[in-house]
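K.L.:
2 protein chains.
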Amino acid sequence: MAKDKTDNETGGGTGGGIQSLDAALRVLMFMASRPGPLSLSELAREVDMPPSKVHRYLASFLHAGLAEQGGRSGKYDLGAGSIRLGLAAIGRHDFVNKPSAHLEELRDATGLTVLLSVWGGGGATVVRWERAASPIVTSMGLGTTLPLLNSSTGRIFLAYAPQATVQARLAEELAQAAQNPAVLGDVEPTRSGVDALIERVRGMGYATVYGDYIPGLVVVAAPILDWQGEAQAAITLIGTNPKVVQDGSDEIGHLLDFCRAHSFASVGSEG
Amino acid sequence: MAKDKTDNETGGGTGGGIQSLDAALRVLMFMASRPGPLSLSELAREVDMPPSKVHRYLASFLHAGLAEQGGRSGKYDLGAGSIRLGLAAIGRHDFVNKPSAHLEELRDATGLTVLLSVWGGGGATVVRWERAASPIVTSMGLGTTLPLLNSSTGRIFLAYAPQATVQARLAEELAQAAQNPAVLGDVEPTRSGVDALIERVRGMGYATVYGDYIPGLVVVAAPILDWQGEAQAAITLIGTNPKVVQDGSDEIGHLLDFCRAHSFASVGSEG
DNA sequence: AAACGTATTGCGTGATACGCAATTATTCTG
DNA sequence: CAGAATAATTGCGTATCACGCAATACGTTT
Chain S
147 MAKDKTDNET GGGTGGGIQS LDAALRVLMF MASRPGPLSL SELAREVDMP
197 PSKVHRYLAS FLHAGLAEQG GRSGKYDLGA GSIRLGLAAI GRHDFVNKPS
247 AHLEELRDAT GLTVLLSVWG GGGATVVRWE RAASPIVTSM GLGTTLPLLN
297 SSTGRIFLAY APQATVQARL AEELAQAAQN PAVLGDVEPT RSGVDALIER
347 VRGMGYATVY GDYIPGLVVV AAPILDWQGE AQAAITLIGT NPKVVQDGSD
397 EIGHLLDFCR AHSFASVGSE G
Chain G
147 MAKDKTDNET GGGTGGGIQS LDAALRVLMF MASRPGPLSL SELAREVDMP
197 PSKVHRYLAS FLHAGLAEQG GRSGKYDLGA GSIRLGLAAI GRHDFVNKPS
247 AHLEELRDAT GLTVLLSVWG GGGATVVRWE RAASPIVTSM GLGTTLPLLN
297 SSTGRIFLAY APQATVQARL AEELAQAAQN PAVLGDVEPT RSGVDALIER
347 VRGMGYATVY GDYIPGLVVV AAPILDWQGE AQAAITLIGT NPKVVQDGSD
397 EIGHLLDFCR AHSFASVGSE G
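As they're listed, the protein sequences go chains S and G.
Going by the working numbering, the first sequence opens with residue 147, and the numbers climb by one from there.
Going by the working numbering, the second sequence opens with residue 147, and the numbers climb by one from there.
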């Protein structure tokens, strides 16, 4: 009975359920993480798989409509089936639908630009936002993927998302940061530096960043937690006045109130 | 040399690339076609696969974040990874991003509610819409899946989408219609009836429906075609005044102009 | 035209996903 | 609160099928 199930979880920690499916989905999610269409060879190189393998995966994606092959360039890109899937998913997450009105309230209460992001598929994705009247130019569209270490939103997920799901992305960013340490500013690009960061964020319940990711801006983020204490989503405030990110500011108060009010909302429709 | 490759394509016409991946994606897209969370057994029954198989697929989907397991109900639902995927896909389709301003123009020119839909993953999905000032209550959200036979939008895809991709859904709706023929109104729920419908739509270049899907409303739709003459998207006008769907009306003129103007726009970013 | 890079397709085989059944968790019921 | 029934999950052996390799077809560059 003392089955050593541990040897499933060895090493790389890739294992979901079915190996080939995991590999295929990795290709798909990689496509989602890239801005434009990709050729077969690019794709194969980046995900480190033989082209024939990727090609067969793509054939299935094409068939499902999740991917499509653009123009005569032959490059592959996400397709209408992915849109369909995504909109269907959005329609189910209460905190993606409901808060649109509430987000406006928060925007009006703070006078800041408000962002709603979710964690999933190996990245933090901006799902909805309300822009403040102030002349802040955020060149940030829906679907933007935020960095884990370098944005307050990312740090929220770093601290509150299921640890297993952040590892891959974290390793990636640490590797990058090792070559360009200056970017990170207030965090040491090491495991212990990251651990300290996580502790700090958890202690405060929110994360602040002074224009690291977006120069000249101040950003605060806080988590919307589910019943397990894990982040289902994050709310982010973006402004220019440094005092709003000082501990105890009204804006942070509003933010935390909002997040508390929406935490523990179920994902699907529960009875 | 005379390889009988034909026996790949036998019968059901399921074949994309990899069998197991096709099956898995069928499960995923099925989840997208259903409004709420599903239990394992429901899911297994509906897609007609053994529960263990579906369970393993779900494990991979969970790992990729495409699905998640809700609350303590244990039911499965689409996850944040799907949102991530969908938003990434939306960000690439020119005609999903660009027209938002143009859609307003069309709305103002016609005074009607304007819908933008895409075909993919076995269904027609509403991607964007501009509501007219008139007091029309459309309880139709983003991500709504439209019927193929029973909506003008669906009929556009029926006539202009790649035939192979509509077969499955068409068969489904015909089966339903066989039990409830009255619903269809002006179309006979048979193959020949559908063929006649397709001919009619192609001849006109647009499709009209008098309140079949939405009682009391009149609806016109026309396709946005790609370079292959296949429908990449459809534009739909919704109103109450029957004369707008009469052949040669100003509204239909505006609609067709709009669709012509946006046809042949590439999907990805081409050079 | 030749040479290169890229995409696609066959083929045999070893890995692996599948079906079945046992086990565990959860819900219904008397 | 038992006890049963249903649903979810996990093991295991085997037949299947996805993989890697290499040949071919395609398109582009020099």
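Even glycine gets a Cβ: it sits at the ideal position worked out from N, Cα and C.
Please read these numbers as outputs of a predicted model, since none were measured by experiment.
DSSP on G:V333, reduced to helix/strand/coil?
P.N.:
If DSSP states are grouped into helix, strand and coil, G:V333 belongs with coil.
K.L.:
Counting only C-beta atoms, is G:G349 closer than 8 Å to chain S at any point?
P.N.:
Answer no: the Cβ-Cβ gap between G:G349 and chain S never drops below 8 Å.
K.L.:
Is G:Y203 close to chain S? Criterion is C-beta to C-beta, closer than 8 Å.
P.N.:
Yes, because at least one Cβ of chain S sits closer than 8 Å to the Cβ of G:Y203.
K.L.:
Is there a Cβ from chain G that is less than 8 Å from the Cβ of S:S415?
P.N.:
Note on S:S415: pLDDT 36, under 50, position unreliable in the model; no value is reported.
K.L.:
Please state whether the Cβ-Cβ distance between G:S409 and G:V365 is less than 8 Å.
P.N.:
Going by C-beta atoms, G:S409 is not nearer than 8 Å to G:V365.
K.L.:
Spatial neighbours of G:D175 within its chain, please: CB distance less than 8 Å, with the 5 preceding and 5 following residues excluded, ordered by chain position.
P.N.:
Checking the sequence, you will find Met at residue 175 of chain G rather than Asp. These residues qualify, in order along the chain: G267, G268.
K.L.:
Would you say G:S187 faces chain S, with C-beta separation under 8 Å as the test?
P.N.:
Not one chain S Cβ lies under 8 Å of G:S187.
K.L.:
Check whether the Cβ of G:G268 lies closer than 8 Å to any Cβ atom in chain S.
P.N.:
So yes, G:G268 belongs to the interface.
K.L.:
If I follow the unbroken alpha helix (DSSP H) through S:T311, where does it start and stop?
P.N.:
Counting along the chain, the alpha helix (DSSP H) containing S:T311 begins and ends at 309-325.
K.L.:
When the cut-off is 8 Å and only beta carbons count, does S:R346 lie next to chain G?
P.N.:
Chain G, which has no Cβ nearer than 8 Å to the Cβ of S:R346, makes this no.
K.L.:
How should S:P293 be labelled, buried or exposed, when 16 other C-beta atoms within 10 angstroms of its C-beta is the threshold for buried?
P.N.:
So S:P293 ends up on the buried side.
K.L.:
Terminal residues of the continuous beta strand (DSSP E) containing G:R172?
P.N.:
Taken as a continuous stretch (DSSP letters only), G:R172 belongs to no beta strand (DSSP E), being part of the alpha helix (DSSP H) at 165-178.
K.L.:
Whose Cβ in chain G lies nearer than 7 Å to the Cβ of S:L208?
P.N.:
Those are G162, listed as they occur along chain G.
K.L.:
If you run the structure through DSSP and keep just helix, strand and coil, what is S:D223?
P.N.:
Looking at S:D223 - three-state DSSP - the assignment turns out to be strand.
K.L.:
Can you confirm whether S:D332, when its beta carbon is compared against all beta carbons of chain G, has any partner nearer than 8 Å?
P.N.:
So no, S:D332 is outside the interface.
K.L.:
Please identify the residue among G:P369, G:V355, G:L167 whose C-alpha is closest to the C-alpha of G:Q392.
P.N.:
It is G:V355.
K.L.:
Have a look at G:T152 and S:L224 and give me their C-alpha separation to the nearest angstrom.
P.N.:
Low confidence applies here, because G:T152 scores a pLDDT of 32, under 50, leaving its location unreliable and the question unanswered by this model.
K.L.:
Less than 8 Å between the C-beta atoms of S:G232 and G:A169, yes or no?
P.N.:
Not a contact, by the Cβ cut-off of 8 Å.
K.L.:
How should S:T336 be labelled, buried or exposed, when 16 other C-beta atoms within 10 angstroms of its C-beta is the threshold for buried?
P.N.:
Its Cβ having fewer than 16 others within 10 Å, S:T336 is exposed.
K.L.:
With DSSP as the reference, label G:E188 as helix, strand or coil.
P.N.:
Reduced to three states, the DSSP call for G:E188 is helix.
K.L.:
Which of helix, strand or coil does DSSP assign to G:V413?
P.N.:
In this prediction, G:V413 scores a pLDDT of 47, lower than 50, which makes its location untrustworthy; no coordinate-derived value is stated.
K.L.:
Would you identify the three-state DSSP class for G:Y356, choosing helix, strand or coil?
P.N.:
In this structure, G:Y356 counts as strand in the three-state DSSP scheme.
K.L.:
List the endpoints of the continuous alpha helix (DSSP H) containing G:V264.
P.N.:
No alpha helix (DSSP H) holds G:V264; the beta strand (DSSP E) holding it covers 259-266.
K.L.:
Shorter than 8 Å from the beta carbon of S:S166 to some beta carbon of chain G?
P.N.:
Chain G contact via Cβ: present.
K.L.:
Using beta-carbon positions only, say whether G:S219 and G:P196 come within less than 8 Å of one another.
P.N.:
Cβ distance not < 8 Å, so G:S219 and G:P196 don't count as in contact.
K.L.:
Using a cut-off of 9 Å between C-beta atoms, extract the partners of S:M195 located in chain G.
P.N.:
Going along chain G, no residue has its Cβ under 9 Å from S:M195, so there is no contact; the nearest lies around 13 Å.
K.L.:
Report buried or exposed for S:E214, applying the criterion of at least 16 other Cβ atoms within 10 angstroms of its Cβ.
P.N.:
Its Cβ being crowded by 16 or more others within 10 Å, S:E214 is buried.
K.L.:
Would you list the one or two residues that DSSP bridges to S:Q378?
P.N.:
According to DSSP, which records beta bridges pairwise, S:Q378 is partnered with nothing at all.
K.L.:
Does the beta-carbon of G:D332 have 16 or more other beta-carbons within 10 angstroms, so that it is buried, or is it exposed?
P.N.:
When all chains shown are included, G:D332 counts as exposed.
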